Amino acid sequence: MFTGIVQGTAPIIEVIERTNFRTHVMKFTPELLVGLETGASVAHNGCCLTVTNIDGEKVSFDLIKETLRLTNLGELQAGDVVNIERAAKYGDEIGGHVVSGHIVTTAEISKIFTSEDNHQIWLSIYDKSLMKYILHKGFVAIDGISLTVGDVINNRFCVHLIPETIARTTLGKKRLGHKVNIEIDPQTQAIVDTVERVLQQKEQEKMASIAKIQEEQQ
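The opening residue of the sequence shown carries number 641 in my numbering; numbering runs sequentially from there.
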């Protein structure tokens, strides 16, 4: 489990490519290395990966075919920087919202508006069927960053970045056309799915009742 509060960034220093599989070797800061062990879960741009090897400040992670398909991690190369969050511990402060580290889709940055103290990013989500879970003032994780949704129009939505978010993460360096990882809020998904299921059931019961009445009238 994660909180969507990025703890730092780390560069990829080596990419080892294999068929539908790759290994990222990262350079972690001393703060990110504290208590880290092989087998631990670490979020990379919001995607939960497992530590496979630790060699000093070098930490390795394996990416399988599904990860490469669903996320933006397969497009990264040596020298690129990613957002890092260590797994949350019981008793930790949850400053963002509960995040699983399971990316559901990606989105493309379509517009960027910048002023002195404000940075607004508009994103076009690739899987339009997921837009029902992205609600005004709801939560969404973008490249592992817990953010509040601003306006929502069709398959696009916006978020507002404060200077601290820009300074601590990679999101402020993104440009038009860049792809970001999206994880929707699981509580929002559960509520929307439940409401849809109840409404569908009521509609089926209504149609069955009408059909029964029509049958009795014949």
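Positions of the beta carbon are idealized from the N, C-alpha and C atoms, including for glycine. Here the structure is a predicted model, which means the values were calculated and not measured.
If we ignore side chains and look at the alpha-carbon of each, how far apart do residue i and residue j end up?
i: A683; j: G812; result: 19 angstroms
i: D825; j: G778; result: 8 angstroms
i: P803; j: I752; result: 15 angstroms
i: V780; j: I774; result: 7 angstroms
i: G644; j: I734; result: 9 angstroms
i: K807; j: T745; result: Contrary to the premise, residue 807 reads as Ala rather than Lys in this sequence. Those two C-alpha atoms are separated by around 25 angstroms.
i: E654; j: Q841; result: 53 angstroms
i: R662; j: A727; result: 22 angstroms
i: N693; j: I652; result: 14 angstroms
i: M641; j: L672; result: 17 angstroms
i: K705; j: N685; result: 17 angstroms
i: I793; j: A851; result: 38 angstroms
i: I656; j: L710; result: 19 angstroms
i: K887; j: V835; result: Within the shown structure, residues of the chain are numbered from 641 to 858, placing residue 887 beyond reach of any answer.
i: T788; j: Q854; result: 49 angstroms
i: H818; j: C688; result: 21 angstroms
i: M847; j: H776; result: 33 angstroms
What is the DSSP secondary structure of residue i, counted as helix, strand or coil?
i: V835; result: helix
i: G714; result: helix
i: G817; result: coil
i: M641; result: coil
i: G731; result: coil
i: I850; result: helix
i: A830; result: helix
i: S755; result: coil
i: L787; result: strand
i: L770; result: helix
i: G736; result: coil
i: L775; result: coil
i: L676; result: coil
Residue i lies in the alpha helix (DSSP H); which residues open and close that run?
i: T690; result: Counting along the chain, T690 falls outside any alpha helix (DSSP H), though it belongs to the beta strand (DSSP E) covering C687 to D695.
i: A807; result: P803 to R808
i: L672; result: P670 to L673
What residue does the beta strand (DSSP E) around residue i start on, and which one ends it?
i: E725; result: V721 to R726
i: V655; result: G648 to R658
i: D702; result: K698 to L703
i: K667; result: F661 to K667
i: I743; result: No beta strand (DSSP E) holds I743; DSSP gives it neither H nor E.
Looking only at DSSP bridge pairs, what is residue i linked to?
i: E748; result: S764 and K819
i: I793; result: R796
i: A781; result: S786 and E823
i: L681; result: Residue identity differs from the one stated: residue 681 is Ser in this sequence, not Leu. S681 pairs with T690.
request  = Evaluate the contact criterion for the stretch 771-786 versus the stretch 720-737: three or more CB pairs, one atom per stretch, below 8 angstroms.
outcome  = yes
ask   = Pairing CB atoms from the stretch 756-776 with CB atoms from the stretch 817-835, are three or more of them under 8 angstroms?
value = yes
Cβ pair count under 8 angstroms reaching 3, the stretch 698-707 against the stretch 661-675 = Three or more pairs of CB atoms, one per stretch, sit closer than 8 angstroms, so the stretch 698-707 contacts the stretch 661-675.
ask   = Below 8 angstroms, can you find three or more Cβ-Cβ pairs linking the stretch 737-744 to the stretch 795-810?
value = no
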